[in-house]
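The structure appears below as structure tokens.
Protein chains: 4
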Amino acid sequence: MKRIGVLTSGGDAPGMNACIRAVVLTAAAYNLDVVGFHHGYNGLLDEDYQTLLPQHVQHIIQHGGTILKSARCKALYTDAGAVQAAQVLHKLQLDALVIIGGDGSFRGALAIAPHYHGQLIGVPGTIDNDVDGTDFTIGFATAIDTALDAIDKIRDTADAFERIFLVELMGRHSGYIALSAGIAAGAEQIICPEFGPVSKAQLTKLLAPIQHAQLLRGKSSYIMVVAENSYPGGTIALAEDLSAELGTECRACILGHIQRGGKPVGADRILATKLGAYAVEQLVNGAHLMMAGELNQQAVLYPLAQTGERTKQIDPYLVRWQQQIASD
Amino acid sequence: MKRIGVLTSGGDAPGMNACIRAVVLTAAAYNLDVVGFHHGYNGLLDEDYQTLLPQHVQHIIQHGGTILKSARCKALYTDAGAVQAAQVLHKLQLDALVIIGGDGSFRGALAIAPHYHGQLIGVPGTIDNDVDGTDFTIGFATAIDTALDAIDKIRDTADAFERIFLVELMGRHSGYIALSAGIAAGAEQIICPEFGPVSKAQLTKLLAPIQHAQLLRGKSSYIMVVAENSYPGGTIALAEDLSAELGTECRACILGHIQRGGKPVGADRILATKLGAYAVEQLVNGAHLMMAGELNQQAVLYPLAQTGERTKQIDPYLVRWQQQIASD
Amino acid sequence: MKRIGVLTSGGDAPGMNACIRAVVLTAAAYNLDVVGFHHGYNGLLDEDYQTLLPQHVQHIIQHGGTILKSARCKALYTDAGAVQAAQVLHKLQLDALVIIGGDGSFRGALAIAPHYHGQLIGVPGTIDNDVDGTDFTIGFATAIDTALDAIDKIRDTADAFERIFLVELMGRHSGYIALSAGIAAGAEQIICPEFGPVSKAQLTKLLAPIQHAQLLRGKSSYIMVVAENSYPGGTIALAEDLSAELGTECRACILGHIQRGGKPVGADRILATKLGAYAVEQLVNGAHLMMAGELNQQAVLYPLAQTGERTKQIDPYLVRWQQQIASD
Amino acid sequence: MKRIGVLTSGGDAPGMNACIRAVVLTAAAYNLDVVGFHHGYNGLLDEDYQTLLPQHVQHIIQHGGTILKSARCKALYTDAGAVQAAQVLHKLQLDALVIIGGDGSFRGALAIAPHYHGQLIGVPGTIDNDVDGTDFTIGFATAIDTALDAIDKIRDTADAFERIFLVELMGRHSGYIALSAGIAAGAEQIICPEFGPVSKAQLTKLLAPIQHAQLLRGKSSYIMVVAENSYPGGTIALAEDLSAELGTECRACILGHIQRGGKPVGADRILATKLGAYAVEQLVNGAHLMMAGELNQQAVLYPLAQTGERTKQIDPYLVRWQQQIASD
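Protein chains in written order, with full-length UniProt numbering: chain A, 1 to 328; chain B, 1 to 328; chain C, 1 to 328; chain D, 1 to 328.
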């Protein structure tokens, strides 16, 4: 092995830069050259890339975003696209490619594989923590703290005004961010896919805990953390419907894209460093079509084809506890 | 003077607690008793209050929100309400009342004044910085830094994806927050009331700078900071209309209530301390129907009745510079 | 079981309040009364305590420090002290006591046990992460991020001036904080007990990587993270000795007590909530002389007597990687 | 005017990058070329420089440190050095030079002036706020918030342990940082040059407020903010001497270099932008040997030769208030 490529793909996540750095520094330790593609797989198709030396990754560990840029790339998911990607990898004499992204991005690697003679390895980088084969994805810990910081601020106002606030967090179709940030914020109620769907007809089951909290506990504020895609019409509609039911104004805040950016927290920088280093080491050891993940604090390989299976579950202990406290 | 009251009214602002603390500590230095009303003027009408001793304000200087709670209070703006407020002040033997809030809250003081024998003084506490008679209001500096932190995070994603983002900031009918945060964030374009209205018909004047930036400067991301109430239908509508014109997706983020909360920054804690102390000192000196503000770093009194005159202007130098750079 | 006590002991750690909250809310769900002792075991000996209801723990989840105060308590470690502690527990009719602290604090529980008829359970709360039987202690994640934030700032100056800085971090006799923060900060070198002792005679082995970095990599700044107690005379002496050897000024920064305080990060709030809840549940299930810890994301019980055995090791993968990169 | 130079000199300050950016963008608006010298005046003497185009300053507004590096430069303060500096300026056909730094750095400009045919202008960039002719220097607001964040954290521990802490802040020979951060932190006592010297013989005057606070106010923690160079032997010696007098352990924390770095806060980015832009505009207008400062929110010119006169005073109102409260 002499020369490897690396790219970041899909939604950006804090820690992607730390991961690129670890790939480059570890590759240098193994005397491997590194090429970085720009804009995810688009840079691969367009031959838009740069050489990455250790000095190019100095002091990027603390920055959000990705120096290689990221993007989604529809063109890759055609036969022609996959063949072309493999051709570019061959042309640039790359023995392997490291893909930093979510399980959607890993499907791109699976599409390229039949046409490519080299090795492909994934590193889980997404704030959503919805990748099978790793306890945590790079970016998740930072997203929690960003959400938390926002909810803490909203708590100040909710408390000053004795108001009900709904805070919508990201997570696509999983509740990792909502549950984690909700528990950490001391949110009075958490709505996420894993707790079952909520429709307008079932609004009443959300009301009881609110009324209970206000009457019995004398709570001066009430915060509901809501995972995106949890209610028909979205969180603004949910706030309106709850307001109508309760006869009290409920305000909605949609955190949106601030959850993707920012300086990565320590946990994400360490995870990114560990997995980036491990990915390169395992390429040297012959790994192919695997993801470098971490389970129980151990770096492990996991088949890339199984990373999207959705068998990973959010902490059942915290789910149960939250429901016990909320219904109490 | 033996006994004074204090309340926080209107939208909460970081530094209100620091101001309450300064009022209480300064009052103690003058041997004055202090009573704090809850929920703004509502606590005054409802006789919902607490004694405030120095130990009650220990270590609140660093907290957002307000320990006295805040609220709006329609009842005060009837004759009956104003009379009742004055009666409660008399009944509790309060020689003066300190109102921490915006110019809307100060109108409450003007309503009470004809019926009250004591002194009334205001302290400007609102994130909007839209109060005449003071260079800065308590909470404004923190709101800027909160907005900035969010925009910096959005910049990471905008940059990684080479996208156009619109970020809506608060400010009711003034552009202080939008201009300040926009300049500080290095936003490529700022839309605020002071720069003139924007309607669908005038969209094209927003497009030229975008196209210019992308073509001439090779900018990898483009952020427009938008003051609330700047476009018919709101910032989401503006993003949609711009997307249609440009043929590129423009994303909107509405920062919302996170701008109101959070630990106050140093500038707000210092301003709140100075104005809270000054308000009490000036009450002792006989001030009535005045606001304790700061102009050119000097604590000054300003007639409460003139605080809402809207003659205060956002920094013309920065306005001009921003337009020069954007159009360049 | 009807009534339990809780106290925080030893060095304070961010998340202790979140843990107290979880103990109180979970106890309420089991209809248990809760009493909180002040100043660690001192409050137990002095009968200085308060009732803790759910409303007392509202909105403390986000605050550093501990509402129950903490302290060390020599008096407990005499026979008379241990007997007295047990007597107070009996007198107050407490069926169990929850001790939130480090392994030193758990020895207090072991001292009380022979004299007490109730149950004793520990929850690991210390920034040092040096407690056997749990992957992480409450406060560790926040301490890493606090250290990181400081090192990132020092990096700015080190970079602007092209200087060598030594940053001393806490950790008593373990290198968890130094290694984790050092890796996360991209520190060029990390000195901690687990990497072997450094004496004046061995200074030269620290010099080679510095000279290597400057010559080969063109590094503009160089940061060494140093665990406390790593060098005879301390980190200031190390900086002086290195300066003499290198003929270049090396500056030392001692982070000190800022590492103990601050708003807990999400990971600490979640861990504190989980372990506080689990401790109460396990008391109800009959646990005694155990610590509620977390191993591999699972809440587990671990014998209190073994929590100080020092068999826990810092991540060998990261240790090896750091040395590989530094020596490269 | 066709071509100008810019450099950052002396201790780095957050906002220097924002200022460089404003210089470059404003110069572009006037069709001026810009050259940036590295390492302060050293880069001028060594002809170590780079061209600065708008794309070179993209997204640096939010970063601490300085992309041009900074340094002190003894060589400039010899006749030969000053002559050589002027020669390089002439050789590179620079019509003017912008110096971002403190009054020490401005003396360098005064040394060059007799030998140089072009214009010299300064912009005040230092965390110390000790430059005459401007209300605030670039970096001061950020340094306050950094210090505040650290003191808030120390408060958590001080409170948990009911301890006395001394926190030493920077400021060379002025008390701006100590007074501002101390007021904002609600420090119980502030020691800075402007409050008069403290010697071992006068220790007792520091004790009375401590004892007063503990006895009368039931304060659970006590924080003294100490400006550097305030006590013979330093703040660690002061802590030891106070401990001996009080019979209670007083801990010292030296914040050190973390005060210099970090992401600039909004106020510093705005000030840096305004003064950088103004400096270039005034060069175009013919300014020479002036500093671009801000007084009463207005950008103004001030003679460079008078910037070190030390007539600027810290806010007398806050000084008086702090002493009144502390002695109360």
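Using N, Cα and C, we set each Cβ at its ideal position, and we do this for glycine too.
Residue i versus the options, residue with shortest Cα-Cα distance
i, options, result
"ALA227(B)", "ALA75(B), LEU301(B), ASP128(B) and ARG72(B)", "ASP128(B)"
"ALA299(A)", "PRO124(A), ASP95(A), LEU45(A) and SER105(A)", "PRO124(A)"
"ASP130(D)", "GLY171(D), LEU246(D) and ALA277(D)", "GLY171(D)"
"ILE190(C)", "LEU89(C), LEU169(C), ALA160(C) and ARG3(C)", "LEU169(C)"
"GLN324(A)", "ARG310(C), ALA28(C), ALA184(C) and ARG155(C)", "ALA28(C)"
"ILE60(A)", "ASN296(C), HIS257(C) and ALA184(C)", "ALA184(C)"
"LEU275(C)", "GLY5(C), ALA18(C) and LYS2(C)", "ALA18(C)"
"ASP103(A)", "VAL88(A), ARG72(A) and ALA86(A)", "ARG72(A)"
"GLY40(D)", "GLY233(D), LYS69(D) and LEU89(D)", "LYS69(D)"
"ILE314(D)", "GLY233(D), GLY234(D) and ALA178(D)", "ALA178(D)"
"ALA158(D)", "ASP46(C), THR66(C) and LEU295(C)", "THR66(C)"
Burial state of residue i, where buried means 16 or more other Cβ atoms lie within 10 Å
i, result
"THR78(C)", "exposed"
"LEU207(C)", "exposed"
"GLN62(D)", "buried"
"HIS38(A)", "buried"
"THR273(A)", "buried"
"HIS117(C)", "exposed"
"PRO114(C)", "exposed"
"ARG269(D)", "buried"
"GLU188(D)", "buried"
"HIS257(B)", "buried"
Spatial neighbours of residue i in its chain, beta-carbon cut-off 7 angstroms, leaving aside the 5 residues before and after
i, result
"ALA111(B)", "LEU76, TYR77 and ALA82"
"GLY133(A)", "MET291, GLY293, TYR302, GLN306 and THR307"
Neighbour flag for residue i against chain D, beta carbons, 8 angstroms
i, result
"GLY266(B)", "yes"
"TYR116(B)", "no"
"LEU52(B)", "no"
"HIS59(B)", "yes"
"GLU162(C)", "yes"
Proximity test, Cβ basis, 8 angstroms: residue i and chain C
i, result
"GLY233(D)", "no"
"GLY139(A)", "no"
Contact list for residue i against chain A, beta-carbon separation under 9 angstroms
i, result
"CYS253(B)", "ILE254, LEU255, GLY256, HIS257 and ILE258"
"ASP315(C)", "ILE270, LYS274 and GLN297"
Closer than 8 angstroms to chain A by CB, residue i
i, result
"ALA150(B)", "yes"
"SER70(B)", "yes"
"LYS200(C)", "no"
"GLN324(C)", "yes"
Chain-ordered chain D contacts of residue i [CB-CB under 8 angstroms]
i, result
"ALA80(C)", "The contacting residues do not exist; ALA80(C) stays about 24 angstroms from chain D at best."
Proximal residues to residue i (C-beta, below 6 angstroms), its chain only, five neighbours per side dropped
i, result
"SER180(A)", "ILE144"
"VAL319(A)", "none"
"ASP328(A)", "Because ASP328(A) carries a pLDDT of 49, less than 50, the predicted location of this residue cannot be relied on, and the following value inherits that uncertainty. There are no such residues."
Beta carbon proximity, residue i to chain F, threshold 8 angstroms
i, result
"PHE37(A)", "No chain F is present in this structure, whose protein chains are A, B, C and D."
The ligand SAH heavy atom lying under 7 angstroms from the CB of residue i
i, result
"LEU206(B)", "By its list of ligands, the structure shown contains no ligand whatsoever, and the ligand SAH lies outside what it can speak to."
Nonlocal neighbours in the same chain, by C-beta distance under 8 angstroms from residue i, ignoring five residues either side
i, result
"LYS263(D)", "PRO14, GLN62, HIS63, GLY64 and THR142"
"GLY5(C)", "VAL34, VAL35, GLY36, PHE37, LEU44, TYR49, LEU89, LEU92, LEU94, ALA96, LEU97 and VAL98"
Minimum Cβ-Cβ distance from residue i to chain B less than 8 angstroms
i, result
"ILE154(A)", "yes"
"THR157(A)", "yes"
"ALA147(A)", "no"
"SER9(D)", "no"
Within chain B, the residues that residue i reaches when beta carbons sit closer than 7 angstroms
i, result
"ASN285(D)", "In chain order: nothing, as chain B lies at least about 14 angstroms away."
Neighbour list for residue i in chain A, Cβ cutoff strictly below 7 angstroms
i, result
"GLY262(B)", "LYS153 and ASP156"
Interface residues of chain C facing residue i [CB-CB closer than 7 angstroms]
i, result
"ILE183(A)", "ILE270 and THR273"
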